[in-house]
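Residue numbers (the numbering used here): 61 to 551.
Built from N, CA and C at the ideal position, the CB exists for glycine as well.
Notes for the one structure printed next.
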Ligand code: FE
Ligand code: ZN
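Okay, here's the thing in structure tokens:
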């Protein structure tokens, strides 16, 4: 293990203003007796010294908790055409339920009924986009369908707000439209996305504790930044960093891994040449051994990525036990699917935070195919990709934007409730933004920047660690990257 003396970890603060304290935050006003009761209920020995401590200090003795809200673990059956139909029907039903809560869509009409009418009238519909074209005059013509039929919707340039939404519209997304019917078409006045409701209150933990995110380590690759990763672990163990950084390290209670924990084997042709560890079991073994160096009081959540073992179609089940036995044996590790939902930080009086964790396979598609995102830098506009998905309340609205197994019983990629944190990886860049009270964070990677990536115009940001203060919701990015290039410059 390397220990760097006077190693100064670079910390950039990228947060928006930490939200000011809101009155009546759950759990914030727990008194000493309540905390002691909780400690005793959880079989934690309360010593006389502890009783003398102030509330804030006492809270620290309460254990960290991870609760799985939703993790997909069904084994895939052979998929049939009917499963796709079933899934899309179900998705239509679920998303239209979300849309119907919007005032503009309170009087939704079935498409078949609109087409029967002759006279012009104001109508609103909910439809799935099945076709989108732009006319010579620069207006959008889209076709949408519901359970009863299909209709053409015209969105003119004059209507700037609707026009901008139409410009970014992708196939298969489900939207609300209000406008004027005219024979077999509707002239849209307004396009309504399912979106995240406005005016939500951001939750704050009663305890000052931190969550950190680790994206795409790719253990087993020759490019794996082992040195940086070891420094990160040394920091967690209070061995590197300045005093404040060490103090922060002691308050880290949750680490979320967003997938691609190993490089995998046979992911692309001739991958062997890029591997430091050739065997997939050995890769997991190495990764597990790294994890065992993390203090045991830290809860670790692991979602799978497309480089991991097992099925990669989404919803992607947790990394299979037979590949990563050692991870399953660790008492502080929780294995989940991608996407997967967990709740962390709950106490008797605080509901905790809901995390939506998704490796991010579909992100690339939207970075390439949504004009406003492409113009803003594509993959570099990570936060815009993430808010695009939140607005559509779906992690992969377009068929073909991810690999998936259609489950006609449940659409696991629907964002059916609003998470406190929306966490992704896959694009090997760091991003943080707040969208309507949802903290959206894309984790970094632990593979070095390669020439191939540079040629392709990708700019990975390796070895960054988002550090989230759950009490203030402030996000800091710690930079552990030293990399090949930097090493060449230093003696
Ligand atoms: Fe990756
Ligand atoms: Zn990936």
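Task: Other residues of its chain near residue 540: CB distance less than 6 Å, five sequence neighbours each side excluded - done: Taken in chain order, the residues that qualify are 288, 291, 292, 523.
Task: Spatial distance of residue 86 from residue 382 (CA atoms) - done: Its pLDDT being 36, under 50, residue 86 is placed unreliably by the model, and the measurement read from it follows with that caveat. Looking at the two C-alpha atoms, the distance is approximately 41 Å.
TODO: Give the DSSP-derived three-state secondary structure of residue 204 in the structure shown.
DONE: In this structure, residue 204 counts as strand in the three-state DSSP scheme.
Task: Rounded straight-line distance, which links the Cα of residue 184 to that of residue 516 - done: If you take the alpha carbons of residue 516 and residue 184, they lie about 44 Å apart.
Open item on the list: Measuring only from the beta carbon, is residue 320 closer than 6 Å to any heavy atom that is part of the ligand ZN?
Closed with: Residue 320: yes, Cβ under 6 Å from the ligand ZN.
- [ ] Please state if the CB of residue 404 and the CB of residue 126 are separated by a distance shorter than 7 Å.
- [x] Annotated as proximal: residue 126 and residue 404, with beta-carbon spacing under 7 Å.
Open item on the list: Which same chain residues end up closer than 8 Å to residue 81 when comparing Cβ atoms and leaving out the 5 residues on each side of it in sequence?
Closed with: With a pLDDT of 31 at residue 81, under the threshold of 50, the modelled position of that residue is not reliable, and no figure is offered here.
Task: Any non-hydrogen atom of the ligand ZN within 6 Å of residue 412 CB - done: No.
Open item on the list: Are the CB atoms of residue 244 and residue 281 within a distance shorter than 7 Å?
Closed with: With respect to residue 244, residue 281 sits apart: the two C-beta atoms are not nearer than 7 Å.
Task: Per-residue burial, residue 273 [other beta carbons within 10 Å of its own, 16 or more giving buried] - done: By the neighbour-count definition (other C-beta atoms within 10 Å, threshold 16), residue 273 is a buried residue.
Open item on the list: Judging by CA-CA distance, which residue of 458, 534, 246, 108 is the nearest neighbour of residue 492?
Closed with: Check the Cα spacing between residue 492 and each of 458, 534, 246, 108: the tightest is with 534.
- [ ] Identify every residue that forms a DSSP beta bridge with residue 315.
- [x] As DSSP reads the structure, residue 315 sits in a beta bridge with 272, 360.
Open item on the list: Check for me: the beta strand (DSSP E) holding residue 418 runs from which residue to which?
Closed with: Element bounds for residue 418: 413 to 418.
- [ ] Over the uninterrupted beta strand (DSSP E) stretch that includes residue 490, give me the two end residues.
- [x] Here residue 490 belongs to no beta strand (DSSP E), and DSSP marks it neither H nor E.
- [ ] For residue 241, name the three-state secondary structure that DSSP assigns.
- [x] In this structure, DSSP gives residue 241 an extended state, which the three-state scheme calls strand.
Task: Same chain, Cβ closer than 8 Å to residue 463, five either side skipped, listed in chain order - done: Excluding residues within five positions, the ones whose Cβ falls inside 8 Å are 372, 373, 374, 421.
Task: For residue 434, the three-state DSSP class (helix, strand or coil) - done: When secondary structure is reduced to three states using DSSP, residue 434 falls in the helix class.
Open item on the list: Under 6 Å: does the beta carbon of residue 334 sit that close to some heavy atom of the ligand FE?
Closed with: No.
TODO: Report buried or exposed for residue 142, applying the criterion of at least 16 other Cβ atoms within 10 angstroms of its Cβ.
DONE: So residue 142 ends up on the exposed side.
Open item on the list: What does the Cβ neighbour count give for residue 551, buried or exposed, with the cut at 16 atoms within 10 Å?
Closed with: With a pLDDT of only 32 at residue 551, under the threshold of 50, the placement of this residue in the model should not be trusted; the figure read from the coordinates follows. Residue 551 should be labelled exposed.
Open item on the list: I'd like to check one pair, residue 109 with residue 92: are the Cβ atoms closer than 7 Å?
Closed with: The answer is no: Cβ separation not under 7 Å.
Task: In DSSP terms, what residue 401 is bridged to - done: Answer is 130, 416, bridged to residue 401.
Open item on the list: Given this structure, state the Cα-to-Cα distance separating residue 457 from residue 148, to the nearest angstrom.
Closed with: Their backbone Cα atoms lie some 10 Å apart in a straight line.
TODO: Just mark residue 538 as buried or exposed, buried being the case when its beta carbon has 16 or more other beta carbons within 10 Å.
DONE: Residue burial is scored here from C-beta neighbours: residue 538 has at least 16 other C-beta atoms within 10 angstroms and is therefore classed as buried.
Task: Straight-line gap, residue 301 to residue 164 (C-alpha atoms, nearest Å) - done: So the alpha carbons of these two residues sit roughly 54 Å apart.
Task: Neighbourhood of residue 552 by C-beta distance below 8 Å, restricted to the same chain and skipping five residues each side - done: An answer regarding residue 552 cannot be provided, because it is not within the stretch 61 to 551 covered by the chain.
Open item on the list: Do residue 252 and residue 162 have their beta-carbon atoms positioned less than 7 Å apart in this structure?
Closed with: Taking the C-beta atoms as reference points, residue 252 is found nearer than 7 Å to residue 162.
Task: Backbone secondary structure at residue 577 - three-state DSSP - done: Given that the chain is displayed from residue 61 to residue 551, the structure contains no residue 577 and the question cannot be resolved.
Open item on the list: Counting only C-beta atoms, is residue 511 closer than 7 Å to chain C at any point?
Closed with: Judged by its chain identifiers, the structure shown contains no chain C, having just a single protein chain.
Open item on the list: Can you tell me where the alpha helix (DSSP H) holding residue 188 begins and where it ends?
Closed with: Note, residue 188: premise wrong, no alpha helix (DSSP H); beta strand (DSSP E) at 181 to 194.
Task: Straight-line Cα distance separating residue 247 from residue 199 - done: Going by the C-alpha atoms only, they are around 11 Å apart.
- [ ] Buried or exposed for residue 188, please, with buried defined as at least 16 other CB atoms from any protein chain shown within 10 angstroms of its CB.
- [x] The residue is buried, with at least 16 neighbouring Cβ atoms inside 10 Å.
- [ ] Following the continuous alpha helix (DSSP H) through residue 171, name the residue where it begins and the one where it ends.
- [x] Segment 171 to 176, the alpha helix (DSSP H) holding residue 171.
Open item on the list: I need the boundaries of the beta strand (DSSP E) containing residue 212, first residue and last residue.
Closed with: Residue 212 -> beta strand (DSSP E) spans 210 to 215.
Open item on the list: Here's the rule: buried if 16 or more other CB atoms are within 10 angstroms of the residue's CB, otherwise exposed. What is residue 328?
Closed with: So residue 328 counts as exposed.
TODO: For the beta strand (DSSP E) holding residue 516, just list the boundary residues, first then last.
DONE: Counting along the chain, residue 516 falls outside any beta strand (DSSP E), and DSSP gives it neither H nor E.
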